[in-house]
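Quick note: the sequence shown uses this note's numbering, first residue 1, plus one each step.
Each residue gets a CB set at the ideal place from its N, CA and C atoms; glycine is no exception.
Keep in mind the model is a prediction, meaning the values are calculated, not measured.
Everything below concerns the one structure shown next.
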Amino acid sequence: MKFKIAAVAVAVLALSGCEVDKTKSGELPSVDVDVSADSGRLPEYDVDWASVDIGTTTETITVPKVVVVMEEEEVEVPYMDLEMPGEEGEKSKRSIVVAAEIKGNMQELEIEKVYAKDRRLIVVSHLNSTNEPLNGQTVRISDRIVINAPDLDVQHIIVGEKPRGDWNNQYTFVRNESALQPRLEGASEIYSR
């Protein structure tokens with residue numbers, strides 16, 4: 001009995017959101033006892049559902065805005081002029097930049113050494129905390145050197161704890177100098193700060 005009442009309640013709720021107009025009368029089929037039947041006719045209805053408009057509206061909401069002021073400033077940047085055997089004259093000047101996005105405490109990032117191995121430069125940087133709180137801010141820090149050299153692959157290795165965040169996934173992080181040494185096997189140091 002409860003099921004029938006629930007079914008009727010659902011049907012009433014479903015139909016309460018629309019307008020129904022009867023367009024034809026219905027008729028039950030006539031049935032002989034020998035199971036022969038004349039075709040009947042079901043009633044037909046036009047159902048007008050609720051009208052729905054989709055679009056946009058203007059609301060006033062609070063959104064965070066970050067203002068970054070970029071200023072040009074002249075600074076001293078280390079410079080390397082690199083000659084590769086058999087490649088005289090095929091050089092170009094470019095900046096090699098290492099950067100990290102940090103939270104929590106302020107840190108310093110410095111390129112300490114550059115190694116050469118085959119046609120690759122291995123740039124070793126150090127990331128050290130200054131223990132100055134950033135108070136919930138995210139800061140991007142960087143260092144750079146300028147080289148005049150043939151086109152070479154560059155691999156960055158940062159000695160220090162990897163800061164959280166996907167932005168820092170572009171570099172290899174090692175915890176300390178001893179973890180760095182196996183990665184420098186067969187490489188020659190060509191720059192030291």
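**Report entry** PRO133 (DSSP reduced to helix, strand or coil)
**Finding:** Strand, per DSSP.
Query - Integer-rounded CB distance, given that ILE147 should sit under 8 Å from ILE96 - result: So it is a contact: roughly 6 Å between Cβ atoms.
Requested in this report: Report the residue ranges of all alpha helix (DSSP H) runs contained in full by the region 106 to 170; include only those spanning at least 4 residues, in chain order.
Outcome: The qualifying runs do not exist here; there are none.
**Report entry** Simplified DSSP assignment, three categories, for GLU71
**Finding:** If DSSP states are grouped into helix, strand and coil, GLU71 belongs with coil.
**Report entry** Buried versus exposed call for ALA149 [16 or more other C-beta atoms within 10 Å across all chains shown]
**Finding:** buried
**Report entry** Delimiting residues of the beta strand (DSSP E) encompassing SER92
**Finding:** Element bounds for SER92: 92 to 102.
Requested in this report: Tell me whether LYS24 is buried or exposed, calling it buried when 16 or more other Cβ atoms sit within 10 Å of its Cβ.
Outcome: exposed
Query raised in the report: How big is the Cα-Cα spacing for SER188 and GLU74?
Result: 31 Å
Query raised in the report: Do you know offhand how far ILE122's Cα is from ASN135's?
Result: 34 Å
**Report entry** Nearest candidate by alpha-carbon position, reference ALA100, set ILE157, TYR115, ASP153
**Finding:** ILE157
Query raised in the report: When you compare each of ARG94, PRO78, PRO43 to ILE190 by their alpha carbons, which one comes out closest?
Result: PRO78
Query - Euclidean distance between Cα positions of ILE102 and ASP151 - result: 30 Å
Requested in this report: Specify the secondary structure class of GLU177 as computed by DSSP and reduced to three states.
Outcome: helix
Query raised in the report: If you check the beta carbons only, do GLY186 and LYS117 fall under 8 Å apart?
Result: Cβ distance < 8 Å, so GLY186 and LYS117 count as in contact.
Query raised in the report: From GLY26, ARG120, GLU90, ASP143, pick the residue whose C-alpha is nearest to that of LEU127; which is it?
Result: ASP143
Report task. Give the single residue among GLN155, GLU90, LYS91, PRO163 whose Cα lies nearest to the Cα of VAL139. Result -> PRO163
Query raised in the report: Per DSSP, which one or two residues make a beta bridge with SER188?
Result: ALA116
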